[in-house]
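According to this note's numbering, the sequence shown holds residues 8 to 699 in order.
Following: one structure in structure tokens, then a few remarks.
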Amino acid sequence: MGVAPLTKVTLLLPRSDLNECLRSLFEFEWFHPEQPESSIADPFLSELNGRAFKLFAALDELVRKLGIPLEPNVLEVIGKGYRVEQDVKSAKDWADLIQRLEDEAAPIIDTLTSLLEDTTQLSKKISDYAALKAALYTIQQFSIDLDALSRFKRFYIVFAVAAIKDVAEIRRSLTEALIIECPLTKNDSAILVVGTRSDADKVEKVLRSFEVKPFLIPQDLPQNPAAAYKVVIKRLEEAEHLLSDCESKLEEMKVKSSTKLLSLREAAQVAHTTISRLRKAGDLKRFAVIEGYIPKEKVAEFKQKYSSYLLFFEEEKHSNQPTLMVNKRPIKPFEKITLTQGAPRSTEIDPTPLIAFVFPIFYGIMFGDFGHGLVLLIFGLILKLRGSPSLKHWGEIIMAAGACATVVGVLVGECFGLELGSLPAIGDFFKRFHLLHLVEHEGFNIESVSTILTVAILIGTIHIFMGLVLDVLKGLKEESKIELFTLKIPSLLLYVFGVGFSLSFIASGYSFSEVLTSSNPVPIISDLVGSPISASTLTTITLPVCLAAAAWIVIGKPVESVLAKGHEEKESPLMGVIFGIVEFLLRLVEFLANTISYARLGILLLVHAALMFAVTMTLSIGPLGLPIWIIGNLGVITLEGLIVYIQDIRLHLYEWFTKFYEGTGQLFAKIAPETTHVKIKWESKIEGSSST
């Protein structure tokens with residue numbers, strides 16, 4: 008579990024064998040290419056890569072325009088299950104594969120593109136006809152030949168539609184012109200403006216000022232409005248009929264070709280992605296150089312497979328080395344939580360195993376309800392059994408969270424807001440496991456609330472302690488140990504013994520003057536040890552260590568500066584001490600804020616119980632309250648379930664990961680990507696056989 012060791016490998020081979028080597032590496036799968044930035048791209052591979060990308064872009068655009076989903080949605084998966092049949096594409100090598108994909112895709116692309124273009128043109132034509140129909144509808148009663156109006160030599164005649172409120176002002180502006188008005192609607196009128204040719208500019212200027220444009224009928228239509236209106240209606244009906252036929256053909260073609268389109272698109276994408284990662288093959292003219300990483304356990308297999316090439320292996324770790332996470336189930340699904348912060352670097356500790364244990368527990372504490380936990384468990388099980396590969400992992404996470412919520416629900420005695428112990432048949436069995444009773448209103452007393460918050464803070468303390476320990480372990484793996492001894496170890500000591508001193512301070516009645524003399528037993532630690540430990544005794548142990556750790560951090564900064572810079576220009580000791588003091592204060596505030604933040608574990612549990620108490624009150628109104636109670640439970644499961652997930656993620660990202668995890672690594676990516684709709688099979692050199 009965790010991060011697998013990798014080996015850097017370099018292959019030197021003739022460029023004539025490059026196409027065959029690409030195919031072989033794709034079959035090997037466990038190869039992460041690493042391309043030098045200065046290397047020149049191989050012309051042959053660049054040409055193949057360009058063709059693959061062009062084909063992928065064309066197919067991707069068709070899929071997008073047709074609205075074909077790349078994967079079925081969650082509701083469809085839950086209802087029908089996940090059924091995606093992979094289309095097998097066979098080829099001799101990458102060049103042959105791309106050629107076969109182009110040949111297979113060409114007729115589909117041409118047909119669908121033609122149908123889409125026809126649909127677009129017809130839609131635009133219908134839109135234009137509809138607009139013209141609306142315009143002609145208002146003036147269809149006029150039997151005026153608009154084309155004849157422009158043939159008068161001595162008169163300038165304009166037919167237009169203007170707002171009724173503007174007609175009077177137009178008359179006053181064109182006193183020398185004849186204006187005939189005919190109301191069309193409540194707001195508009197048709198006007199015929201007759202003036203001399205010498206007044207043409209003035210007429211146009213006045214009409215433009217009122218945003219009135221001459222009414223023009225397209226030249227391919229009769230210039231008589233009434234006749235044009237009839238022709239437009241006929242053409243509109245014909246266009247709508249053609250569009251309906253075209254859309255039917257397009258839908259039929261979409262249903263028929265959607266599976267083929269998705270498989271061709273994915274195959275082209277795989278070809279483009281794979282070739283683009285290997286197209287830079289060194290600067291030598293006759294030889295290709297391919298560099299990359301393989302798992303250390305695959306070295307022997309790699310040597311045997313590529314014994315005909317010149318191979319170089321390098322065990323030393325590099326800063327840009329990818330990270331191969333090798334967690335197995337049931338831990339692997341929780342890599343999704345880790346990757347929200349980023350992939351671990353090769354020198355970092357993969358926290359996924361701890362997250363797989365802690366994340367569901369935190370979720371269950373905040374969402375503690377036996378019934379709601381069962382609902383989440385069943386929903387997660389459905390996703391795991393019926394979902395896509397990506398949804399299966401989320402299904403397992405939800406199952407774990409639901410199982411923990413169920414357990415916490417038993418401990419607090421709650422089931423859909425009802426008292427778990429009062430349920431028939433199963434109530435008596437679960438009563439023996441009750442630790443707290445939050446269902447009844449009396450359960451919200453000072454003692455139970457204090458207990459819940461105390462446990463939440465204690466859990467947070469342990470969680471932060473784990474993060475600081477991981478930070479120390481990370482420092483041990485790093486080459487430079489300066490920060491380990493000047494910051495990481497003293498920070499761990501400061502936190503651990505600081506928590507102990509805080510408990511002594513609480514036991515002494517929050518009095519600094521009595522913390523060294525108080526004989527009151529320290530909470531939690533006394534219970535864990537089994538005998539009372541006084542505040543003064545614990546203070547005597549913890550306070551000196553806290554002061555020493557604080558001084559260590561303050562002095563560590565100038566020491567770190569001196570050791571790191573060596574004989575270079577050194578930072579002044581005074582500035583180093585100032586930075587050390589600032590570092591100590593920041594750590595102190597950070598530890599306090601982070602620890603208090605874990606109170607949300609208990610607060611959200613109390614909020615959940617309060618919400619369910621309000622929902623359960625609806626049952627007191629009788630049978631009519633049952634639907635409200637059901638809807639309320641569904642609402643709480645949906646809304647609060649999401650809120651609890653966000654808070655769980657927040658505790659890991661801000662309170663825990665910040666202690667030890669950077670997440671700036673690069674994930675190991677196999678040269679053969681995971682596919683959904685296509686499976687590529689390479690035809691063997693031996694006729695009649697093939698290899699995957």
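Beta carbons: idealized from backbone N, C-alpha and C, even for Gly.
How many angstroms separate the CA atom of residue i from the CA atom of residue j?
{"i": "Ile496", "j": "Gln348", "result": "24 angstroms"}
{"i": "Ser46", "j": "Thr281", "result": "17 angstroms"}
{"i": "Glu247", "j": "Ile187", "result": "37 angstroms"}
{"i": "Ser538", "j": "Leu545", "result": "13 angstroms"}
{"i": "His448", "j": "Pro367", "result": "Unreliable positioning characterises His448 in this predicted model, as indicated by a pLDDT of 48, which lies under 50. The coordinate reading is nonetheless provided below. For His448 and Pro367, the distance between alpha carbons rounds to 28 angstroms."}
{"i": "Phe423", "j": "Gly632", "result": "14 angstroms"}
{"i": "Lys644", "j": "His379", "result": "Note on identity: in this sequence residue 644 is Ile, with Lys being the wrong assignment. C-alpha separation (whole angstroms): 6 angstroms."}
{"i": "Gly474", "j": "Thr345", "result": "14 angstroms"}
{"i": "Pro43", "j": "Ile560", "result": "41 angstroms"}
{"i": "Phe492", "j": "Ala557", "result": "13 angstroms"}
{"i": "Ala542", "j": "Val503", "result": "16 angstroms"}
{"i": "Asp206", "j": "Lys172", "result": "23 angstroms"}
{"i": "Leu66", "j": "Gly86", "result": "29 angstroms"}
{"i": "Gly609", "j": "Phe620", "result": "17 angstroms"}
{"i": "Leu361", "j": "Phe374", "result": "20 angstroms"}
{"i": "Phe341", "j": "Ser520", "result": "48 angstroms"}
{"i": "Arg336", "j": "Leu317", "result": "38 angstroms"}
{"i": "Ile404", "j": "Ser315", "result": "46 angstroms"}
{"i": "His574", "j": "Ala407", "result": "Since pLDDT at His574 reaches only 45, below the 50 mark, its modelled position is unreliable, and no value is offered."}
{"i": "Ala167", "j": "Val219", "result": "7 angstroms"}
{"i": "Tyr661", "j": "Thr671", "result": "16 angstroms"}
{"i": "Leu25", "j": "Trp689", "result": "16 angstroms"}
Let me know the secondary structure DSSP gives residue i once reduced to three states.
{"i": "Glu421", "result": "strand"}
{"i": "His39", "result": "strand"}
{"i": "Pro190", "result": "strand"}
{"i": "Gly670", "result": "coil"}
{"i": "Tyr163", "result": "strand"}
{"i": "Tyr89", "result": "coil"}
{"i": "Phe60", "result": "helix"}
{"i": "Val16", "result": "strand"}
{"i": "Leu185", "result": "strand"}
{"i": "Ser541", "result": "strand"}
{"i": "Val522", "result": "coil"}
{"i": "Glu4", "result": "As displayed, the chain neither begins before 8 nor continues past 699, which places residue 4 out of reach and without an answer."}
{"i": "Glu111", "result": "helix"}
{"i": "Pro358", "result": "coil"}
{"i": "Glu273", "result": "helix"}
{"i": "Pro565", "result": "helix"}
{"i": "Pro634", "result": "helix"}
{"i": "Glu485", "result": "coil"}
{"i": "Pro76", "result": "coil"}
{"i": "Pro340", "result": "helix"}
{"i": "Arg158", "result": "coil"}
{"i": "Asn640", "result": "helix"}
My understanding is that residue i touches residue j, with C-beta atoms under 8 angstroms, so please give their C-beta distance in whole angstroms.
{"i": "Lys391", "j": "Leu243", "result": "Not a contact, Cβ separation roughly 54 angstroms."}
{"i": "Glu27", "j": "Asp103", "result": "Not confirmed; about 11 angstroms, so no contact."}
{"i": "Val165", "j": "Val200", "result": "5 angstroms"}
{"i": "Phe38", "j": "Leu29", "result": "That pair is no contact at about 10 angstroms."}
{"i": "Val685", "j": "Ser130", "result": "About 33 angstroms separates the two Cβ atoms, so there is no contact after all."}
{"i": "Leu612", "j": "Val456", "result": "Their Cβ separation, rounded to whole angstroms, is 10 angstroms, which puts Leu612 and Val456 out of contact at 8 angstroms."}
{"i": "Glu254", "j": "Thr126", "result": "6 angstroms"}
{"i": "Asp49", "j": "Arg272", "result": "Between Arg272 and Asp49 the Cβ distance is about 25 angstroms, and since that is not below 8 angstroms, they are no contact."}
{"i": "Leu62", "j": "Ala112", "result": "6 angstroms"}
{"i": "Leu69", "j": "Leu108", "result": "The pair is not a contact, with the Cβ atoms about 14 angstroms apart (cut-off 8 angstroms)."}
{"i": "Pro329", "j": "Phe675", "result": "4 angstroms"}
Identify every residue that forms a DSSP beta bridge with residue i.
{"i": "Asp94", "result": "Val685"}
{"i": "Met332", "result": "Val10"}
{"i": "Ser457", "result": "None; Ser457 has no bridge partner."}
{"i": "Leu317", "result": "Leu19"}
{"i": "Lys287", "result": "Ala48"}
{"i": "Phe294", "result": "Pro21"}
{"i": "Val168", "result": "Ala197"}
{"i": "Ile301", "result": "Thr14"}
{"i": "Ala350", "result": "Gly672"}
{"i": "Pro528", "result": "Ser541"}
{"i": "Glu426", "result": "Glu421"}
For residue i, would you say it is in contact with chain D, using Cβ-to-Cβ distances shorter than 9 angstroms as the test?
{"i": "Glu567", "result": "Chain labels in this structure do not include chain D; a single protein chain is all it has."}
Inside the region 190–262 only - beta strand (DSSP E) runs reaching at least 3 residues: The DSSP assignment places complete beta strand (DSSP E) segments of no fewer than 3 residues inside the region 190–262 at 195–203, in order along the chain.
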